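Student: Starting off with a structure, shown below.
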Amino acid sequence: MYDELYLCLMFIPAIFGAAVGMVPFKYARCASASLCGWSALMGILAYPLFLYGGNISYTFPIPSAWGPYSVLMDELSSIVISVSSIVFLAVLAHMLRSASAPRSGKYASLACVLYIACVTAMCADTVLLILMAWETVTLATFLMSLRGKNGAAAWKFFVIAHIGGLMVICSFLVMMSYADGQTLSSWSGLGAVMGVPASCGAIILLFVGFGAKLGLIPFHAWMPDLYSSAPTHTSALMSTVSSNAAVLILFKSVFGYIGASEEMYVLAAVLMAASAFTAIWGALESLVQTEPKRILAYSSMENMALVLLCFSLGILFSNGGSSGLITMVLVAGLFHTVNHSVFKSLIMLTVGSAEDCTGETAIERMGGLAKLMPAFSIVSLIAILSMAAVPPFNGFAGEWLMVQSMMGGEGLHMTEIILPLGVAVLGISGMMAAVSYARLYGFMFLGRPRAKRYVPEKVGASALAPMVLLAALCFAMGIFATDIMDRLARGVGAASGIPSDDLYTAHLAETLNVPMLGGILLAAVFAVYGLGRLFGKKAARSPTWDCGTPLNEDMQYSSVGFSQPLVRVFHPLYGDVIELSDDDSSKDCKRYSIRFAEPFVERLYVPLGNLLMKGARYVGRTQNGNIQSYFGYILIVLVALLVAVRFA
Amino acid sequence: MTCAILPLAQAILMIALSPLFAGILKKAKARMQHRVGSGVFQPYRDIAKLLRKNETVSEDASWLFRFIPYVCFGSMVLLSMMTPFILADVAAPYGGLISMVYIFTLYRFMMVLGGLEGGSVFGGMGSSREMMMSVLIEPALLLSLMALAGLTGGSTVTSDIPRTLIDMGVIVLAPALVLAASSFFITLLAENARVPFDNPSTHLELTMVHEGMLIEYSGRGLGLMELSSMMRIMIFASMLGALFFPWGVALTSSPADLAVGLAAILLKILTITLAIAVIESYLAKYRLFRLPNLLTASFALSLLAMISLYIL
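Chains A and B supply the protein sequences, listed in that same order. The numbering of the first sequence is this note's numbering, which starts it at 1 and goes up by one. The numbering of the second sequence is this note's numbering, which starts it at 1001 and goes up by one.
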């Protein structure tokens, strides 16, 4: 009854904001961002309102060729919308206070468009609306990422995202050809109508299509370049809110509309292999990156690959697993998605602020920020710990559930060897990612400052507020993990029709007790700390032990050296060193920087590009501008047509 | 209320006992090398001395550096409440085996960050090597615990595992258990910076891993870090003793059972300690880049444990 009112309050300010931002006046940016902030604030209410009044649905009274436009927020969508809105709000608030954010109103206007598109994509209930919203998400992020000289990176994203978008559209068209009607919520159990081959085809298209956006190999080529060259807030929104939308649509399509069936185990194994490889690849590559944002790009890829791994396990478990087990692994994927959006946005804002403060983009030139900005470094430490899946933060709860559900699947038919390998993948990629986060934090915040001058004033206290909000959310989502898992499990049950199984949720609640875990940990830490403060004296300060040689800022371990042992262990997987540059800027010291080639770019995209250029030149030879040859082509076509007509 | 007091008592007992086993290890090594060695209670004296002394902190270190020893120690206290020791039911069910793995990660992660504090080159090198090893340890550790969970029918709750294994009787001595336990033992050596992974008694910069990360600590911080690493080996040993070979762990809280339980776990930890002493006396530290082979062997063992679980 109040659905219309709520949706109006949410969407209309953002639409106005999009319009206001385009008007060139002094406060355009502020006005537009505030209107969008209001919409995001309303978006946060989606889940409370769901709890109060059930599904929120509305049909626009505008006819279209493919049925009416309608939206439906069920439990799962409303949870994801609420979390995404909090993230969006925090990023917007940080954007207003950030020194490096684009100052134009158009950027804020695009943020409004992105917000509307993401929320619509998450709750759209008709085919046309979902496809339009998804396309708008791509366009808005593309436009938001255009800045200065990063055209190449942005266009790379544009092309790859559209190849993915094409696959998504194809898949929805295939599904629609079997369904009777365009309302998505009436599509459940389509797999039975479609038959196994068609559903497998549709699922592959969906995985690859959304995988292009999430960084599935080999479609990840755009990510590091774009994340490192786009404005911070674009990268933050792209890796969190739009990834949430992609994962949610993927989940609803695969498990809600098509539905996994027993015969799909080969498909599941293939998808698992692809996502496991992506996870390990992302973690490996993140170890050798020299810019914080590139590290984060590969880490996004790794996290999203783990989510895809969970989804493919969900398909695998359909072959004989209990409904509780399937629910658990799907919840693990979705929970990790929302967790990822919280800690990844926090760390993106952190890195952006650190770049503002140091004026550098290379990790090798940062360092020592923790002494300079203690509050800032505490917030960042929470993000890093959460990403490294350390208790009691939310990343831990997500990965715990992943491992737990994989171990719970033991003994199932067909999974004997797949599941241990899955756990090994989780272990090795999780730990490698943790190494790269330790490297990120250690070389940005700890040690001696490596850059010449820092401007800590550029990160004001007001920019810290949204980051504190996100850090608190990291902690809260970890502490209340079991409760959130329960809610997600109910949402999964409602969206996918998999009957919920109380056995597993009850089992979970007694196995994982994060409040106790965190409580005891914090109590032990602070009790010993208190005792120490009570009986101890003030610590003395002295220089770092230097073996008698005074240390300068270059005489500390470098980030390249830090990951070198691992690079050496896994060296066959890394590409060649493509850049070993020697910086001659000063006479008394030499700086060498190193960059590894991304093998997929060097071995796949470059040869493919060369091949296409060669082909184009070959075809181009026919276009010689000679009128006789064009007459010749017409003659050949006519003859071919006549022959075809004669024999057809 | 008992659910919090008993684990706490167990944690205090483990804290109190851990320097003793460190002393026994040192003494056993000394005797095998025909030295007299210091007394078995020397670690208590060392820790007490360090805890009394004042700290000296690097000028370049931030707030985090002073906080790390407390986090490391706190995570070890938490872990010692979660592993079965004398009585199976005491182990607090806050997240089972998987959480324990992640709490070990917390400890290692904080220690690595501590190594990078202050811009010390030795610390950086130690951190870097520790991280290399941990990447290779983690899958083996998870898989050996998964094999253990598989033996007990998928349960990852630490307090259930001893009971289930004892109830299964002699049938539990399947290849899977032995393989998983051997893999876990290699992990134990690697995690606790023992020979052949690291030499705990050296301060030579080219060889050190664990000691490298601790080089900037002093006084109370160093005392807590040393105590934490003694507790870590104790926790690993009691996981091996009480989870993989649970015979003797008290299932009921009758005095007779408790006495047997205490004797059994002390005997098991003593055996493991002596085994480590023998290994440390007869092996030299491996070259850093030979370690991946050993860790891969550990991974292969645990994978074989998983496979044998289904085939045999």
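For every residue, glycine included, the Cβ atom is placed at its ideal position computed from N, Cα and C. Computed from a prediction, not measured in an experiment: that's the story for all the values here.
1. Let me see if you follow: with CB-CB separation under 8 Å, is residue 1001(B) close to chain A or not?
2. From 1177(B), 1156(B), 1242(B), pick the residue whose C-alpha is nearest to that of residue 1307(B); which is it?
3. Nearest to residue 1095(B) by alpha carbon, out of 329(A), 513(A), 209(A)?
4. Let me confirm a value: residue 210(A) is counted as buried when at least 16 other C-beta atoms fall within 10 Å, else exposed. Which label applies?
5. Expressed to the nearest angstrom, what Euclidean distance is found between the alpha-carbon atoms of residue 223(A) and residue 52(A)?
6. According to DSSP, is residue 72(A) part of a helix, a strand, or is it coil?
7. Spell out whether any CB of chain B is found under 8 Å from the CB atom of residue 16(A).
8. Count the CB pairs spanning the segment 1003-1021 of chain B and the segment 1230-1237 of chain B that are closer than 8 Å, and state whether there are at least three.
9. Report yes if the C-beta distance between residue 111(A) and residue 33(A) is below 8 Å; otherwise report no.
10. Closer than 7 Å, Cβ to Cβ, to anything on chain A: give me those residues from the segment 1029-1060 of chain B, in chain order.
11. Let me make sure I understand the geometry here. Which of 554(A), 313(A), 154(A), 205(A) has the alpha-carbon closest to that of residue 334(A)?
12. Ends of the beta strand (DSSP E) at residue 540(A)?
13. So who's on the other strand from residue 126(A), going by DSSP bridges?
14. Any C-beta of chain B sitting closer than 8 Å to the C-beta of residue 281(A)?
15. Residue 1154(B) to residue 407(A), Cα distance in whole Å?
16. Report buried or exposed for residue 447(A), applying the criterion of at least 16 other Cβ atoms within 10 angstroms of its Cβ.
17. When Cβ atoms are compared, which residues of the segment 1079-1100 of chain B fall closer than 9 Å to chain A?
18. For the segment 1141-1154 of chain B, list every residue whose C-beta sits within 9 Å of some C-beta in chain A, in sequence order.
19. Please state whether the Cβ-Cβ distance between residue 331(A) and residue 485(A) is less than 8 Å.
20. Taking the straight line between their C-alpha atoms, what separation do you get for residue 638(A) and residue 648(A)?
21. With 16 other CB atoms within 10 Å as the buried threshold, where does residue 1285(B) fall?
22. On the DSSP letters alone, give me the boundaries of the alpha helix (DSSP H) that residue 59(A) sits inside.
23. Near residue 1114(B), what residues of its chain come up, given a Cβ to Cβ distance below 7 Å and the 5 sequence neighbours on each side ignored?
24. What's the C-alpha gap between residue 388(A) and residue 350(A)?
25. Name, please, each residue of chain B whose Cβ falls closer than 7 Å to the Cβ of residue 244(A).
26. Below 8 Å between beta carbons: does that hold for residue 338(A) and residue 80(A)?
27. Under a CB-based cut-off of 8 Å, is residue 544(A) close to chain B?
28. Rounded to the nearest angstrom, what separates residue 1291(B) and residue 438(A) at their Cα positions?
29. Kindly provide the ranges of any alpha helix (DSSP H) runs that are 4 or more residues long and lie completely inside the segment 1170-1224 of chain B, ordered along the chain.
30. Check whether the segment 318-327 of chain A and the segment 456-473 of chain A are in contact - that is, three or more C-beta pairs closer than 8 Å.
31. From 240(A), 135(A), 403(A), pick the residue whose C-alpha is nearest to that of residue 214(A); which is it?
32. With residue 1058(B) as the anchor, note down where its beta strand (DSSP E) starts and where it stops.
33. Which of the three DSSP states is assigned to residue 1246(B) in this structure?
34. Does residue 1220(B) have its Cβ less than 8 Å from a Cβ in chain A?
35. Return the first residue and the last residue of the alpha helix (DSSP H) that residue 361(A) is part of.
Tutor: Taking the coordinates as given:
1. Locating residue 1001(B) in the second sequence gives position 1, counting from the first residue. In this predicted model, residue 1001(B) has a pLDDT of only 43, less than 50, meaning its place in the structure is not dependable; the value taken from the coordinates is given anyway. Cβ-Cβ to chain A under 8 Å: no for residue 1001(B).
2. Taking the first residue of the second sequence as 1, we reach residue 1307(B) at position 307. Ranking 1177(B), 1156(B), 1242(B) by Cα distance to residue 1307(B) puts 1177(B) first.
3. Position 95 of the second sequence holds residue 1095(B). Per the Cα distances, 513(A).
4. Residue 210(A) sits at position 210 when you count from the first residue of the first sequence. Buried is the call here.
5. Here residue 223(A) is taken as the residue at index 223 of the first sequence, counted from 1. Here residue 52(A) is taken as the residue at index 52 of the first sequence, counted from 1. Roughly 40 Å between the two C-alpha positions.
6. The residue labelled residue 72(A) in the question sits at position 72 within the first sequence. Looking at residue 72(A) - three-state DSSP - the assignment turns out to be strand.
7. For the purposes of this step, residue 16(A) is identified with residue 16 of the first sequence, where counting begins at 1. It does not; no Cβ of chain B falls within 8 Å.
8. yes
9. For the purposes of this step, residue 111(A) is taken as residue 111 along the first sequence, with counting starting at 1. For the purposes of this step, residue 33(A) is taken as residue 33 along the first sequence, with counting starting at 1. Remark: C-beta atoms of residue 111(A) and residue 33(A) approach each other more closely than 8 Å.
10. For the segment 1029-1060 of chain B, the set of positions with a beta-carbon nearer than 7 Å to some beta-carbon of chain A reads 1054, 1055, 1056, 1057, 1058, 1059, 1060 in chain order.
11. In the first sequence, residue 334(A) corresponds to position 334, counting from 1. Taking only the C-alpha atoms, the option nearest residue 334(A) is 313(A).
12. Position 540 of the first sequence holds residue 540(A). Per DSSP, residue 540(A) is one residue of the beta strand (DSSP E) stretching across 540-542.
13. Residue mapping note: residue 126(A) aligns to position 126 of the first sequence, counting from 1. Beta-bridge pairing links residue 126(A) to 183(A).
14. Start at 1 with the first residue of the first sequence, and residue 281(A) comes out as number 281. It does not: the Cβ of residue 281(A) has no partner Cβ on chain B nearer than 8 Å.
15. Numbered from its first residue, the second sequence carries residue 1154(B) at position 154. Numbered from its first residue, the first sequence carries residue 407(A) at position 407. So the two alpha carbons sit approximately 6 Å from each other.
16. Counted from its first residue, the first sequence places residue 447(A) at position 447. Counting Cβ neighbours within 10 Å, residue 447(A) comes out buried, since at least 16 surround it.
17. 1081, 1082, 1092, 1093, 1094, 1095, 1096, 1097, 1098, 1099
18. 1141, 1142, 1143, 1145, 1146, 1147, 1149, 1150, 1153, 1154
19. Here the question's residue 331(A) lines up with position 331 in the first sequence. Here the question's residue 485(A) lines up with position 485 in the first sequence. Yes.
20. Residue numbering aside, residue 638(A) sits at position 638 when the first sequence is read from its first letter. Residue numbering aside, residue 648(A) sits at position 648 when the first sequence is read from its first letter. Near 15 Å, if we compare the C-alpha coordinates of residue 648(A) and residue 638(A).
21. Here residue 1285(B) refers to the residue found at position 285 of the second sequence. Under this definition residue 1285(B) is a buried residue.
22. Your numbering for residue 59(A) matches position 59 in the first sequence. No alpha helix (DSSP H) holds residue 59(A); the beta strand (DSSP E) holding it covers 56-59.
23. Position 114 of the second sequence, counting from 1, holds the residue named residue 1114(B). The residues are 1065, 1068, 1213.
24. The residue given as residue 388(A) occupies position 388 in the first sequence. The residue given as residue 350(A) occupies position 350 in the first sequence. Rounded to the nearest whole angstrom, the C-alpha separation of residue 388(A) and residue 350(A) is 16 Å.
25. Here residue 244(A) refers to the residue found at position 244 when the first sequence is read from its first residue. In chain order: nothing, as chain B lies at least about 24 Å away.
26. For the purposes of this step, residue 338(A) is taken as residue 338 along the first sequence, with counting starting at 1. For the purposes of this step, residue 80(A) is taken as residue 80 along the first sequence, with counting starting at 1. In this structure, residue 80(A) lies closer than 8 Å to residue 338(A) by Cβ.
27. Taking the first residue of the first sequence as position 1, residue 544(A) is located at position 544. Closer than 8 Å: yes.
28. Along the second sequence, one-based indexing puts residue 1291(B) at 291. Along the first sequence, one-based indexing puts residue 438(A) at 438. Near 22 Å, if we compare the C-alpha coordinates of residue 438(A) and residue 1291(B).
29. 1175-1191, 1210-1213
30. no
31. In the first sequence, the residue the question calls residue 214(A) occupies position 214. Answer by Cα proximity: 240(A).
32. The residue you call residue 1058(B) lines up with position 58 of the second sequence. It spans 1056-1058 - the beta strand (DSSP E) in which residue 1058(B) sits, taken as one unbroken run.
33. Residue mapping note: residue 1246(B) aligns to position 246 of the second sequence, counting from 1. If DSSP states are grouped into helix, strand and coil, residue 1246(B) belongs with coil.
34. Sequence index remark: in the second sequence, residue 1220(B) carries index 220 (1-based). Judged by the 8 Å Cβ criterion, residue 1220(B) is in contact with chain A.
35. Position 361 of the first sequence, counting from 1, holds the residue named residue 361(A). Unbroken run through residue 361(A): none, as it is neither H nor E.
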